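Visitor: Under my numbering, the sequence shown has 759 at position 155, and the numbering climbs by one with no breaks.
Where is the CB? At the ideal position from N, CA and C, for every residue including glycine.
A quick note: this is a predicted structure, and the numbers were derived from the prediction, not measured.
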Amino acid sequence: METSGNVTYLNHPLIQHKISILRNKNTGTNEFRQLVEEIAMLEGFEALKDLPLEDVEVETPIETCMTPMIAGRKLAIVPILRAGLGMVEGILALVPSAKVGHIGLYRDEVTFEPHEYYCKLPDPIEERTIVVCDPMLATGGSAVDAITMIKQHGGKNIKFMCIIAAPDGVKKLHEEHPDVQIYVGHLDRCLNENAYICPGLGDAGDRIFGTK
């Protein structure tokens, strides 16, 4: 693990191994989808290490004791549609009680301004730790816009999780939302002329859902 400012690069061997299989163009939909879930779970283990705890009374087979459990309103997972959906089950495997919201954006083809076409967040969102997830952080535009809209709806304690990122996207998200903790599975080399991450893994949404 390597941390720079509010960005954490998760260089665990298991994460790196699984990302390498994702990159392979011959990895099929079923395996790709399963790997995305597994990577999200491994990343979530690190990203959620600061969840607040409180001592509660539990009766064991031996005696009654005070023991820590997650406190407060717990967690909200917010995937950016549609590829972000592939990461949700992996995080839910760690925190089954988490609530799940969804946010969808499209860009005006003339003005390039973002428009929210769907946003449903757990209530009260301002009392929750929010994990925004998207497998790819390319230009950073969608992540920045989604987090901006979540803040407009009252979200405060926000983390962002991706599997691979381009330097452009990390820089943009860090600059626009310096209060958001960013968790990256692997930092790739660059974006190409079509804004695809290189070496990347292709279109994550198409590969998760088997579409072209």
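With respect to the beta strand (DSSP E) encompassing Ile762, which residues constitute its N-terminal and C-terminal limits?
Guide: That run of the beta strand (DSSP E) goes Asn761 to Ala769.
Visitor: What beta strand (DSSP E) runs, 3 residues minimum, are completely inside the segment 649-691?
Guide: Counting only runs of 3 or more, we get 657-663, 668-674 and 679-683.
Visitor: DSSP state of Gly758, grouped into three classes?
Guide: The answer is coil: DSSP assigns Gly758 none of H, G, I, E or B.
Visitor: Say whether the segment 615-632 touches the segment 794-801, bearing in mind that this needs 3 or more beta-carbon pairs closer than 8 Å, one atom from each stretch.
Guide: Flag = no, the segment 615-632 and the segment 794-801 do not touch.
Visitor: Please name the residue, chosen from Gly694, Ala697, Leu696 and Cys723, that lies closest to Ile707 on a Cα-to-Cα basis.
Guide: Measuring from the Cα of Ile707, the nearest candidate turns out to be Cys723.
Visitor: To test your reading of the DSSP string, which unbroken beta strand (DSSP E) runs of 3 or more residues are found completely within the segment 776-800?
Guide: Segments of the beta strand (DSSP E) lying fully in the segment 776-800: 785-791.
Visitor: Can you tell me where the beta strand (DSSP E) holding Ile734 begins and where it ends?
Guide: That run of the beta strand (DSSP E) goes Thr733 to Cys737.
Visitor: I need the straight-line Cα distance from Leu805 to Ile674, nearest angstrom please.
Guide: Straight-line Cα distance between these residues: approximately 35 Å.
Visitor: Starting from Glu606, follow its DSSP beta bridges and name the residues at the other end.
Guide: Answer by DSSP bridge pairing, in chain order: Tyr613.
Visitor: Taking Gly789 and Ile768 to be in contact with their CB atoms under 8 Å, please state how far apart those CB atoms are, rounded to whole angstroms.
Guide: Correct: roughly 6 Å between the Cβ atoms.
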